[in-house]
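Numbering-wise (numbering that gives the first Met the number 0), the sequence shown opens with residue 0 and increments by one. First the structure, in the form of structure tokens, and then the observations on it.
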Amino acid sequence: MGRTKFKRRGSQGLWIVMIGVAMATGGCAQFSADGGMLLLQDIASNELQKDIVKIENQDDAAHVRDRVNSLLSGTLSVDEAVQIALLNNRALQAAFNELGVSEAQMIEASLPPSPTFSLARLSAGGLVLEIERNVLQNILGLVTLPRRREIAEDQFHQAQLRATNEILKTAAETRRNYYRAVAAGQTVILLKRARVAAESLSDLAKKLGETGSLGRINQARQHEFYAQVSQQLAIAILRHRSERDRLARLMGLWGDDINFRLPDALKPLPPRPMRRDDIEAQAISSRVDLQLARLQLETLAKSFGLTHATRFINVLEVRGMSNTEWERVVETDYELVGGNLRRTDTTVTEKLPWRGFEVEFQVPIYDFGEARTRSAAQSYRQAVNLLADKAINVRGEAREAYQAYRGTYDIAKLYDGKLVPLRNIISEEMLLQYNGMLADLFELLVDARSRNQTSIASIESQRDFWLATVDLQVAVVGGGGMGGSMGETGGQMAAADGGGAGH
Numbered sequence: 000m001g002r003t004k005f006k007r008r009g010s011q012g013l014w015i016v017m018i019g020v021a022m023a024t025g026g027c028a029q030f031s032a033d034g035g036m037l038l039l040q041d042i043a044s045n046e047l048q049k050d051i052v053k054i055e056n057q058d059d060a061a062h063v064r065d066r067v068n069s070l071l072s073g074t075l076s077v078d079e080a081v082q083i084a085l086l087n088n089r090a091l092q093a094a095f096n097e098l099g100v101s102e103a104q105m106i107e108a109s110l111p112p113s114p115t116f117s118l119a120r121l122s123a124g125g126l127v128l129e130i131e132r133n134v135l136q137n138i139l140g141l142v143t144l145p146r147r148r149e150i151a152e153d154q155f156h157q158a159q160l161r162a163t164n165e166i167l168k169t170a171a172e173t174r175r176n177y178y179r180a181v182a183a184g185q186t187v188i189l190l191k192r193a194r195v196a197a198e199s200l201s202d203l204a205k206k207l208g209e210t211g212s213l214g215r216i217n218q219a220r221q222h223e224f225y226a227q228v229s230q231q232l233a234i235a236i237l238r239h240r241s242e243r244d245r246l247a248r249l250m251g252l253w254g255d256d257i258n259f260r261l262p263d264a265l266k267p268l269p270p271r272p273m274r275r276d277d278i279e280a281q282a283i284s285s286r287v288d289l290q291l292a293r294l295q296l297e298t299l300a301k302s303f304g305l306t307h308a309t310r311f312i313n314v315l316e317v318r319g320m321s322n323t324e325w326e327r328v329v330e331t332d333y334e335l336v337g338g339n340l341r342r343t344d345t346t347v348t349e350k351l352p353w354r355g356f357e358v359e360f361q362v363p364i365y366d367f368g369e370a371r372t373r374s375a376a377q378s379y380r381q382a383v384n385l386l387a388d389k390a391i392n393v394r395g396e397a398r399e400a401y402q403a404y405r406g407t408y409d410i411a412k413l414y415d416g417k418l419v420p421l422r423n424i425i426s427e428e429m430l431l432q433y434n435g436m437l438a439d440l441f442e443l444l445v446d447a448r449s450r451n452q453t454s455i456a457s458i459e460s461q462r463d464f465w466l467a468t469v470d471l472q473v474a475v476v477g478g479g480g481m482g483g484s485m486g487e488t489g490g491q492m493a494a495a496d497g498g499g500a501g502h
């Protein structure tokens, strides 16, 4: 009598149940049609009145190229420069790609944990054949999936806010560099005219010296003034080129496109400054980085709740198993028939089914999750304090930005309305006195030097006002740090003081 044993183990019905549950809980995770860009486009339209495009194919690239070429065809305004930067800046495009990565990570985090399948085949001399199949499912991951999905969605919204901040930052930096580039070009034009006048004075001093009408010291003063103006012009040209290059980089331009045209002068000051009595409240409600900090705190609170709920169990897994065992028995009988020995083999198959499951869980027996819980609690409290500190800083930055805005406006208005007109009157009268032989060449030189200093300081005061305007927008809405216009204002005030010393 012989025996052959066949054994098959498998998680039949339980397999179907666990896989069905996993598919049901993860079936709603889908990619958005716009990849999260719709919110960014709305913010760019409402806050900046500009368009943004995520370049994903050749058609998008061609559309952007045509739009940029159209904007570059004329003299660039500040709004046109910002629009080019938002369309053509590759770092901003990379931020949009990062948003796509964040969405993919959100979808991945929203899916249930995948089951683990195992298959084993064992044999022993052909008499015993055993096939074992199992499926292992992380039950803790399924139970906590709704909360983990909420956290993943919050993290995606955080990525949207970070991309929004990059949009605002790109726009702000473009505006700053635009104003700096135009102011630098305006200074170059002013100094070129000043150098022509200084050259005329230098030539006149040389001729008067040849006739003996002007001493050597006064001749040297005129020649020195001409050299100083030439040196200032060289520095201004270098600065102008640098500012244009920075602006070109922000707009994503290279090659022949860097020969874009800018206006010769900054636009005039507004008739009156803006009033922002509720500047702090506006900043608290609108700042993108503060919104991001709030959302991060909410996400951390949800994570803390998840940590607290699972503090006693780290891992909970269920393994479904079933075993169906077929046993084949061959019985051999011998019978003497007609003097012959006859052999008869009878095969009997027996089926022995059994089913079961295995639960596997990990318990932090040494601290029962106390370390994780305390760490999460401290992280949450840390985030609360950082958010409060951020709110205080946002209020202070808004106040500082508005004070700088009003202060630079008053300074620029003083130059535009009083100092420059008075300096022009003084220069006209000085020229009349010189022509009437009531003033000498040295007094004319002092007046020319003072006129140049006042004119340059006036340009810088206008530049500082427009930079402060950008900083005020950043302080209220977001988009990076302060531009430091007050530091530049301090420099131009020192120059103004130097000009006054020449009277």
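Ideal placement from N, C-alpha and C gives every residue a C-beta, glycine not left out.
Cutting at 7 Å between CB atoms, please list the residues of its own chain near residue i, excluding the five before and the five after it.
{"i": "Asp415", "result": "Leu268, Ser457"}
{"i": "Glu558", "result": "In this structure the chain extends from 0 to 502, so residue 558 is not present and cannot be described."}
{"i": "Ile188", "result": "Asp263"}
{"i": "Phe464", "result": "Leu268, Thr407, Tyr408, Ala411"}
{"i": "Phe441", "result": "Asn217, Arg220"}
Please state the DSSP three-state secondary structure of residue i.
{"i": "Arg450", "result": "helix"}
{"i": "Asn56", "result": "coil"}
{"i": "Asn392", "result": "helix"}
{"i": "Asp332", "result": "strand"}
{"i": "Asn164", "result": "helix"}
{"i": "Phe441", "result": "helix"}
{"i": "Phe116", "result": "strand"}
{"i": "Arg275", "result": "coil"}
{"i": "Arg260", "result": "strand"}
{"i": "Arg342", "result": "strand"}
{"i": "Phe224", "result": "helix"}
{"i": "Ala204", "result": "helix"}
Can you tell me whether residue i is buried or exposed, with buried defined as 16 or more other CB within 10 angstroms of its CB?
{"i": "Ser454", "result": "buried"}
{"i": "Asn176", "result": "buried"}
{"i": "Met36", "result": "buried"}
{"i": "Ala60", "result": "exposed"}
{"i": "Val469", "result": "buried"}
{"i": "Ser374", "result": "exposed"}
{"i": "Val314", "result": "Since pLDDT at Val314 reaches only 44, below the 50 mark, its modelled position is unreliable, and the value read off the structure follows with that caveat. Result: exposed."}
{"i": "Met510", "result": "The requested residue 510 does not occur in the structure, where the chain is confined to residues 0 to 502."}
{"i": "Pro111", "result": "buried"}
{"i": "Gly214", "result": "exposed"}
{"i": "Asp277", "result": "exposed"}
{"i": "Gln377", "result": "exposed"}
{"i": "Gly395", "result": "exposed"}
{"i": "Ser31", "result": "exposed"}
{"i": "Glu79", "result": "buried"}
{"i": "Glu279", "result": "buried"}
{"i": "Asp446", "result": "buried"}
Do residue i and residue j have their C-beta atoms within less than 8 Å of each other?
{"i": "Gln154", "j": "Thr298", "result": "yes"}
{"i": "Arg243", "j": "Ala182", "result": "no"}
{"i": "Leu289", "j": "Lys389", "result": "yes"}
{"i": "Ile39", "j": "Ile54", "result": "Note that residue 39 is Leu in the sequence shown, not Ile. No; because the gap between Cβ atoms is not below 8 Å, this pair is not in contact."}
{"i": "Val81", "j": "Thr173", "result": "yes"}
{"i": "Ser113", "j": "Ala151", "result": "no"}
{"i": "Thr186", "j": "Ala233", "result": "no"}
{"i": "Ala94", "j": "Met250", "result": "no"}
{"i": "Ala204", "j": "Asn217", "result": "yes"}
{"i": "Met443", "j": "Met429", "result": "The residue you asked about is not Met; residue 443 is Leu in the sequence shown. Yes, these two residues count as a Cβ contact at 8 Å."}
{"i": "Glu46", "j": "Leu91", "result": "no"}
{"i": "Leu296", "j": "Leu386", "result": "yes"}
{"i": "Leu98", "j": "Ala43", "result": "no"}
{"i": "Ala219", "j": "Asn451", "result": "no"}
{"i": "Leu190", "j": "Gln231", "result": "yes"}
{"i": "Ala467", "j": "Ala397", "result": "no"}
{"i": "Ala292", "j": "Ala400", "result": "no"}
Excluding the five sequence neighbours on either side, which residues of its own chain have a C-beta within less than 6 Å of the C-beta of residue i, listed in chain order?
{"i": "Lys168", "result": "Gly478, Gly479"}
{"i": "Arg286", "result": "Val393, Gly477"}
{"i": "His504", "result": "In the structure as shown, the chain begins at 0 and stops at 502. Residue 504 is therefore absent and cannot be evaluated."}
{"i": "Ser460", "result": "Ile410, Ala411, Tyr414, Gln491"}
{"i": "Ser101", "result": "Phe155, Ala158"}
Using a Cβ-Cβ cutoff of less than 8 Å, which residues in the same chain neighbour residue i once the five nearest sequence positions on both sides are dropped?
{"i": "Thr74", "result": "Arg260, Leu261, Pro262"}
{"i": "Ile257", "result": "Arg243, Asp244, Ala247"}
{"i": "Trp301", "result": "Note on residue identity: the sequence assigns Lys, not Trp, to residue 301. Taken in chain order, the residues that qualify are Arg146, Glu149, Ile150, Asp153."}
At a cut-off of 7 Å, is residue i close to the ligand COA when judged by its beta-carbon and the heavy atoms of the ligand?
{"i": "Gln159", "result": "Here there are no bound small molecules, and the ligand COA is not part of this structure."}
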